[in-house]
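S.K.: Got a structure for you, written out below as structure tokens; questions coming shortly.
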Amino acid sequence: MTNETKYWYLKNHQLFDELSRNAINEICYLSHFRMHRKGDVINLSQDEDRVYTLKVGILKIVELDTEGNEQLVEVLRPDDLFGQFTLTPAETNQYAVVLSDYVTFCSFLVTDFERVIQQHPSLGIRFTKLVGLRLRRLENRYINLMYKDVRTRFRLFLKEWVEKDAKPDQPYVLNNYLTHKDISRMICSNRQVVSELFSEYRQAGMLEYNRSQIIITNPALLDVA
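Numbers 1 to 225, taken from full-length UniProt numbering, label the letters of the sequence shown in order.
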């Protein structure tokens, strides 16, 4: 990837879009860009000292627990941070899986990124806000797991999915890139329960779904808090 291409990728990212051209050009030399296709697995444990930001596409972050079971941590979209985004290098059992046709993301060594933040305080403020939003999402998810029943968690998950992914001209249509097993992991349930909920809400005329799309046919399904 040329430095000019790197420049425009960074310039169009909310972390860097207010920096000068010279500043972004300097950051380009520290950045490492990668592209992957659907289904590719990215082992984050091989680069434990890097912070990543997703530019194009959709990833899911999966973590292995102490017993070797897979736990779906989060679904990431453009501008989201992952890897050592707290800037505290540590061992990780996480890996990323590409859900969209392809993804593009860039990464920085934690030490390099800390130096960039010191040189550009405005970037540090934006970075702190992004990290805060990411942590708040995770906190809200855990609160829902503790205090909401599985039916409510399912509806809240669909609501958040629509808010993040649906397009203005099709406000209730989702690209169906998650399996029922993925969704069950996100709401701390099991695949059978998720399949039953999809069938129940389809029979109630509230949604339709197939391998490629989920369509919310009755917005009342998302009227949940």
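Where is the CB? At the ideal position from N, CA and C, for every residue including glycine.
Indicate the three-state DSSP secondary structure (helix, strand or coil) for N43 in the structure shown.
M.R.: Working through the sequence shown from its first residue, we reach residue 43 at position 43. Reduced to three states, the DSSP call for N43 is strand.
S.K.: Short check: CB of L81 to CB of Y52, under 8 angstroms?
M.R.: As a working mapping, residue 81 is identified with position 81 in the sequence shown. As a working mapping, residue 52 is identified with position 52 in the sequence shown. In this structure, Y52 lies closer than 8 angstroms to L81 by Cβ.
S.K.: Does the beta-carbon distance from Q213 to R126 come in below 8 angstroms?
M.R.: Taking the first residue of the sequence shown as 1, we reach residue 213 at position 213. Taking the first residue of the sequence shown as 1, we reach residue 126 at position 126. Not closer than 8 angstroms, so no.
S.K.: With DSSP as the reference, identify every bridge partner of H180, one or two as the case may be.
M.R.: What you label residue 180 is simply residue 180 of the sequence shown in a count that begins at 1. Answer is none; H180 lacks a bridge partner.
S.K.: Kindly indicate which three-state DSSP category F157 falls into: helix, strand or coil?
M.R.: Walking along the sequence shown from the start, residue 157 turns up at place 157. In the structure shown, F157 sits in a helix (DSSP, three-state: H, G or I).
S.K.: A220 lies in the beta strand (DSSP E); which residues open and close that run?
M.R.: For the purposes of this step, residue 220 is identified with residue 220 of the sequence shown, where counting begins at 1. Neither: A220 is in no beta strand (DSSP E) and is coded neither H nor E.
S.K.: Within 10 Å of its beta-carbon, does G68 have 16 or more other beta-carbons around it, so buried, or fewer, so exposed?
M.R.: Indexing the sequence shown from 1 puts residue 68 at position 68. Exposed, by the Cβ-count rule.
S.K.: Can you grab the Cα-Cα spacing for the pair L222 / I42, in whole Å?
M.R.: Counting from 1 along the sequence shown, the entry for residue 222 is found at position 222. Counting from 1 along the sequence shown, the entry for residue 42 is found at position 42. For L222 and I42, the distance between alpha carbons rounds to 33 angstroms.
S.K.: Throw me the rounded Cβ distance for the V224 and L156 pair, which I believe falls under 8 angstroms.
M.R.: Counting from one through the sequence shown, the residue named residue 224 turns up at place 224. Counting from one through the sequence shown, the residue named residue 156 turns up at place 156. Rounded, the Cβ-Cβ distance is 6 angstroms, consistent with contact.
S.K.: Only counting the same chain, and skipping five residues up and downstream in sequence, which positions put a Cβ closer than 7 angstroms to that of N93?
M.R.: Stepping through the sequence shown from its first residue, residue 93 is reached at position 93. Counting only Cβ-Cβ distances below 7 angstroms, and skipping sequence neighbours, we find S45, E63 and L64.
S.K.: Would you list the one or two residues that DSSP bridges to E208?
M.R.: If you number the sequence shown from 1, residue 208 lands on position 208. E208 is bridged to I215.
S.K.: Three Cβ pairs or more, each shorter than 8 angstroms: is that satisfied between the segment 196-204 and the segment 131-145?
M.R.: With the cut-off at 8 angstroms, the segment 196-204 and the segment 131-145 do not touch.
S.K.: To the nearest angstrom, report how far apart N25 and F85 are at their CA atoms.
M.R.: Here residue 25 refers to the residue found at position 25 of the sequence shown. Here residue 85 refers to the residue found at position 85 of the sequence shown. Cα to Cα, the separation comes out at about 22 angstroms.
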